[in-house]
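Once you know that position 279 of the sequence shown is 338 in our numbering, the rest is easy, because the numbers rise by one and skip nothing. Don't be surprised by glycine CBs; every beta carbon is placed ideally from N, CA and C. Given the structure is predicted, the values throughout are model-derived calculations rather than measurements. Working notes for the structure below.
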Amino acid sequence: MKTYLDCIPCFLMQALRAGRIATADEKKIKRLLDEVAMMLRDMPMENPPPKSARSIYQKITELTGNHDPYRKIKDQSTEEALSLYPDLKRRVSNSEDSLLTAIRLAIAGNVIDFGANWNFDLDGKITEICVKDFAIFDYDQFKDCLHNANEILYIGDNAGECVFDRILIEEMKKPVLYAVRATPIINDATYEDAAAAGIDRVATIISSGADGPGAILETCNSEFIDIFKKAELIISKGQGNYEALSGEKGRIFFLLVAKCRVIASHIGVKVGDIILKGPQ
């Protein structure tokens, strides 16, 4: 997926938000915005958005000296999600279709995104998504691939969201490799975040090698790329991974909420729609 004009002001706003979290020094934040604006001027529009965002967040770290400004926010997101875990498990066990309910909950967890979606109501979104119609619903195709897969590659997205992913992993009842970012970027999940959510109890956590907000294959390590190419079933969570992987071939299923106009338009849905999109 390429970068669109609408992405440019979004990048600048992300830089402002992250800058304010990373430092209270207004001069540093002003310099950051100036330099990001210069970067945006020369940014190749053919790049996927996560590739451009990667450079911006590297600049944030360079100028503020804070390599993980969202650390406290990530911890809080995980704590909140874990407090909901027992109730979420009851929702799954009491539902008519436990796998589908687990998928809905995994998608509901995708609202925990401080890049695309600063303001969100987690409880409200869980209730909404559990009854909302899918805009794209390749569920039968997903069940067929799941039945035939010996192992699943699950590409995680955000901290906190990992707890919701854990519920789906538990429900699929297959061996899972859970891929996370190599280094902190926005509130995306690293090994530490996934382990805090209990993913290590239900899956093998691996690093994708990616240090941007999406698993762009050219930035991933050789181990991940080899697993990706051989995977019988890939679950890709969230917008950043969709932006990075929507042009890739393979048995990829995208689970996400369309949080912005660009993504919604690219997929052919409306903002706020929920999506279970399989290979075409």
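C-alpha gap between residue i and residue j, whole angstroms
i: Asp216; j: Ser157; result: 22 Å
i: Ala274; j: Ala248; result: 12 Å
i: Arg90; j: His126; result: 17 Å
i: Lys184; j: Val170; result: 8 Å
i: Met104; j: Leu64; result: 8 Å
i: Ser136; j: Ala218; result: 7 Å
i: Ser114; j: Thr120; result: 10 Å
i: Asn153; j: Glu282; result: 39 Å
i: Lys118; j: Val95; result: 8 Å
i: Lys61; j: Ile244; result: 20 Å
i: Ile214; j: Ala303; result: 11 Å
i: Thr123; j: Leu71; result: 16 Å
i: Phe173; j: Ile166; result: Residue placement at Phe173 is poorly supported in this model, since its pLDDT is 49, which falls under 50; the coordinates are not used for a value here.
i: Lys202; j: Val151; result: 17 Å
Limits of the beta strand (DSSP E) - the one that residue i falls within
i: Lys329; result: Element bounds for Lys329: n/a, residue is neither H nor E.
i: Leu99; result: Counting along the chain, Leu99 falls outside any beta strand (DSSP E), though it belongs to the alpha helix (DSSP H) covering 85-100.
i: Tyr213; result: 211-214
Whether residue i touches residue j by CB criterion (8 Å)
i: Ile286; j: Leu236; result: yes
i: Ile162; j: Leu205; result: no
i: Leu99; j: Ile67; result: yes
i: Phe312; j: Ile284; result: no
i: Asp252; j: Lys296; result: no
i: Arg79; j: Ile88; result: yes
i: Ala317; j: Gly331; result: yes
i: Ala140; j: Val222; result: yes
i: Ala208; j: Lys233; result: yes
i: Thr263; j: Ala269; result: no
Cβ-based burial, residue i [other Cβ within 10 Å; buried from 16]
i: Pro107; result: buried
i: Ala175; result: For Ala175, the pLDDT reaches just 47, beneath the cut-off of 50, and the residue's location in the model is therefore unreliable, although a value from the coordinates is still provided. Ala175 is buried by the Cβ-count criterion.
i: Pro272; result: buried
i: Val190; result: exposed
i: Asn300; result: buried
i: Ala81; result: buried
i: Gln73; result: buried
i: Ala256; result: buried
Where the alpha helix (DSSP H) containing residue i begins and where it ends
i: Ala74; result: 66-81
i: Lys110; result: 108-123
i: Leu205; result: 198-207
i: Ile132; result: 130-152
i: Leu159; result: 157-167
i: Ala269; result: Counting along the chain, Ala269 falls outside any alpha helix (DSSP H), and DSSP gives it neither H nor E.
Check whether the segment 236-249 touches the segment 319-338, counting contact only when three or more Cβ pairs, one atom from each stretch, lie closer than 8 Å. no
Indicate whether the contact test is met: 3 or more Cβ pairs, each with one atom in the segment 194-210 and one in the segment 326-334, closer than 8 Å. yes
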